[in-house]
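In our numbering, the protein residues as written are 278 to 745. Ideal placement from N, C-alpha and C gives every residue a C-beta, glycine not left out.
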Amino acid sequence: MNYFDYITNFLTILAVGFYTITTLQWYNYKIDRVIFKFSKYQWHILYFILPIATYYLGGKFYWIYLFFGVIPALFIWQKKLDKPLVWTDRVKRFFGLLVFLTLLSYLFDYYFKTPHGVFLPIILTIIGSEVIEKIIFNGYKKQAKQKLNEINPKIIAITASYGKTSIKNYLYQLLEKEFNVYKTPRSVNTLKGIVADINNNLSQNCDIYIVEAGAREKGDIKEIVEFLENEYAIIGKIGPQHIEYFKTIENIIETKKEILFSQNLKKCIAYDIKECFVIKDKIKNINSSFEGVEWDLEVDNKTIHLFAPILGGFNAINISLTFYMAKEFGLTNEYLSRKIAKLTPISHRLQKIETNGKIIIDDSFNGNIEGMLESIELASKYNGRKVIITPGLVEANEEMNKQLAQKIDETFDLVIVTGSLNKHILCENITKPNKIYLADKSKLEKILSENTKAGDLILFSNDAPNFI
Numbered sequence: 278m279n280y281f282d283y284i285t286n287f288l289t290i291l292a293v294g295f296y297t298i299t300t301l302q303w304y305n306y307k308i309d310r311v312i313f314k315f316s317k318y319q320w321h322i323l324y325f326i327l328p329i330a331t332y333y334l335g336g337k338f339y340w341i342y343l344f345f346g347v348i349p350a351l352f353i354w355q356k357k358l359d360k361p362l363v364w365t366d367r368v369k370r371f372f373g374l375l376v377f378l379t380l381l382s383y384l385f386d387y388y389f390k391t392p393h394g395v396f397l398p399i400i401l402t403i404i405g406s407e408v409i410e411k412i413i414f415n416g417y418k419k420q421a422k423q424k425l426n427e428i429n430p431k432i433i434a435i436t437a438s439y440g441k442t443s444i445k446n447y448l449y450q451l452l453e454k455e456f457n458v459y460k461t462p463r464s465v466n467t468l469k470g471i472v473a474d475i476n477n478n479l480s481q482n483c484d485i486y487i488v489e490a491g492a493r494e495k496g497d498i499k500e501i502v503e504f505l506e507n508e509y510a511i512i513g514k515i516g517p518q519h520i521e522y523f524k525t526i527e528n529i530i531e532t533k534k535e536i537l538f539s540q541n542l543k544k545c546i547a548y549d550i551k552e553c554f555v556i557k558d559k560i561k562n563i564n565s566s567f568e569g570v571e572w573d574l575e576v577d578n579k580t581i582h583l584f585a586p587i588l589g590g591f592n593a594i595n596i597s598l599t600f601y602m603a604k605e606f607g608l609t610n611e612y613l614s615r616k617i618a619k620l621t622p623i624s625h626r627l628q629k630i631e632t633n634g635k636i637i638i639d640d641s642f643n644g645n646i647e648g649m650l651e652s653i654e655l656a657s658k659y660n661g662r663k664v665i666i667t668p669g670l671v672e673a674n675e676e677m678n679k680q681l682a683q684k685i686d687e688t689f690d691l692v693i694v695t696g697s698l699n700k701h702i703l704c705e706n707i708t709k710p711n712k713i714y715l716a717d718k719s720k721l722e723k724i725l726s727e728n729t730k731a732g733d734l735i736l737f738s739n740d741a742p743n744f745i
């Protein structure tokens, strides 16, 4: 190869490598999910398969396609992404290894005239990166375990099909004034995220560490609790969330029950898991409105009435779970009732915002069927014009999206469907309201300004990034 061929080869490898690591980062570096669970396979064709195929088949004119097709297209593509590549240390190591292996292939070509191309350096980099990251992670994990043992906080692990983050945040609010409490940030709920959180953020004076435990496959929660060795656990409501990964509701239940595998477990409080202290029958008379939710809770053989300025009837379940867990730390019913009456909502989870005469219900972080149906039920109580912005359900089957569409059809005056994932199902099953399809969410603000007015209720229901 001449120098120009080397440059063309090098830039092709970097371009395809950039696309590869971006998609891997979206899916927590799980190559099987990038291959089998990706929603926009046309991107794989455009930015992975075509550049590699054209490199081998395009001959001496390939450079035209690279410089005037692949590179500009990739640049525009990443500019439009909701979640562009974040240049973490892992990403930098990936590119470092990719460059090293590419240059090594040039040396072999120069001295031994060995054939080389584009595909092999990328595949070797993916494999090599995975090995390197496992070695590094094992070191981080050992460091986190040592720190956890030194601090020795009481650990509460929380899992559910939906509501984990809300339960975690409500429990934190109930405990924070009486204890030094720390919770995993945002929706961090994987072992890698928890390990990084302990190493980087857990303070030495922490009394109680509240940890969210999520799963995409069997064994994920077991791995988390075997590392944490938590004394307490909460299992919230279980349903068909992520059914495409687990295949059956029975598999989901068994995976959630892995939270009981902690060898130090003293108490588990659950909505409806018989191996735990079950609260399902202790919650009665739930009444949800735009002011909040109120309900009766059976505690210590008596019934107490609770009110929280939180939207959504399902939050009566989430808050009741935290009530019982907080009692394990000696807090009284009266104290907890007062704290619950002052709870603050979680951002982007049925968060009520009033602006320019419009009522906005931001439920954009709620992506489960029960939660979305609950938010629609709440919206149905509004007397004025109702607008919903939604991509539908992600990681759900067709029947669930049809059920969602039917409820939307009964409730709203205007439906704005975002993204292509569920466009066909939603538009086919929503017939009564006016519909707008929005492929590019960057135009949403303009669409809303043109199609909504003072007095409208606007529900943001789920929010899928544009790679979905």
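Taking 7 Å as the line, does the beta carbon of residue i fall inside it for any heavy atom of the ligand HEM?
{"i": "residue 734", "result": "Absent from the structure shown: the ligand HEM. Ligands present: none."}
Taking only three categories from DSSP, how would you classify residue i?
{"i": "residue 376", "result": "helix"}
{"i": "residue 572", "result": "strand"}
{"i": "residue 532", "result": "helix"}
{"i": "residue 693", "result": "strand"}
{"i": "residue 326", "result": "helix"}
{"i": "residue 486", "result": "strand"}
{"i": "residue 673", "result": "coil"}
{"i": "residue 385", "result": "helix"}
{"i": "residue 631", "result": "strand"}
{"i": "residue 412", "result": "helix"}
{"i": "residue 334", "result": "helix"}
{"i": "residue 625", "result": "coil"}
{"i": "residue 738", "result": "strand"}
{"i": "residue 606", "result": "coil"}
{"i": "residue 782", "result": "Since the first residue shown for the chain is 278 and the last is 745, residue 782 is missing from the structure and cannot be characterised."}
{"i": "residue 714", "result": "strand"}
{"i": "residue 733", "result": "coil"}
{"i": "residue 469", "result": "helix"}
{"i": "residue 509", "result": "strand"}
{"i": "residue 658", "result": "coil"}
{"i": "residue 368", "result": "helix"}
{"i": "residue 707", "result": "coil"}
{"i": "residue 637", "result": "strand"}
{"i": "residue 565", "result": "strand"}
Residues in the same chain with beta-carbon distance under 6 Å from residue i, minus the five sequence neighbours each way, listed in chain order, please.
{"i": "residue 418", "result": "472"}
{"i": "residue 733", "result": "635, 662 and 664"}
{"i": "residue 450", "result": "620"}
{"i": "residue 304", "result": "310 and 311"}
{"i": "residue 318", "result": "none"}
Can you find the residues in the same chain that come closer than 8 Å, C-beta to C-beta, to residue i, ignoring five residues on each side of it along the sequence?
{"i": "residue 474", "result": "461, 462 and 465"}
{"i": "residue 624", "result": "639 and 642"}
{"i": "residue 577", "result": "610"}
{"i": "residue 494", "result": "522, 523 and 532"}
{"i": "residue 633", "result": "731"}
Decide if residue i is buried, meaning its Cβ has at least 16 other Cβ atoms within 10 Å, or exposed.
{"i": "residue 676", "result": "exposed"}
{"i": "residue 485", "result": "buried"}
{"i": "residue 489", "result": "buried"}
{"i": "residue 523", "result": "buried"}
{"i": "residue 618", "result": "exposed"}
{"i": "residue 420", "result": "exposed"}
{"i": "residue 286", "result": "buried"}
Return yes when the Cβ of residue j is within less than 8 Å of the Cβ of residue i, no when it is not.
{"i": "residue 531", "j": "residue 502", "result": "no"}
{"i": "residue 569", "j": "residue 587", "result": "yes"}
{"i": "residue 668", "j": "residue 610", "result": "no"}
{"i": "residue 348", "j": "residue 288", "result": "yes"}
{"i": "residue 375", "j": "residue 398", "result": "yes"}
{"i": "residue 686", "j": "residue 711", "result": "no"}
{"i": "residue 605", "j": "residue 561", "result": "no"}
{"i": "residue 548", "j": "residue 512", "result": "yes"}
{"i": "residue 431", "j": "residue 479", "result": "no"}
{"i": "residue 696", "j": "residue 731", "result": "no"}
{"i": "residue 736", "j": "residue 657", "result": "no"}
{"i": "residue 294", "j": "residue 396", "result": "no"}
{"i": "residue 556", "j": "residue 597", "result": "yes"}
{"i": "residue 700", "j": "residue 692", "result": "no"}
{"i": "residue 498", "j": "residue 533", "result": "yes"}
{"i": "residue 684", "j": "residue 655", "result": "no"}
{"i": "residue 370", "j": "residue 316", "result": "no"}
{"i": "residue 506", "j": "residue 457", "result": "no"}
Leaving out the 5 sequence neighbours to the left and right, which residues in its chain are closer than 7 Å to residue i when beta-carbon positions are compared?
{"i": "residue 342", "result": "331 and 335"}
{"i": "residue 469", "result": "414"}
{"i": "residue 599", "result": "444, 447, 448 and 451"}
{"i": "residue 729", "result": "635, 664 and 735"}
{"i": "residue 283", "result": "383"}
Would you grab the beta carbon distance between residue i and residue j for me? Rounded to a whole angstrom, and I think it's under 8 Å.
{"i": "residue 574", "j": "residue 563", "result": "The pair is not a contact, with the Cβ atoms about 10 Å apart (cut-off 8 Å)."}
{"i": "residue 702", "j": "residue 674", "result": "Wrong, their Cβ atoms sit about 10 Å apart, outside the cutoff."}
{"i": "residue 518", "j": "residue 439", "result": "5 Å"}
{"i": "residue 441", "j": "residue 491", "result": "7 Å"}
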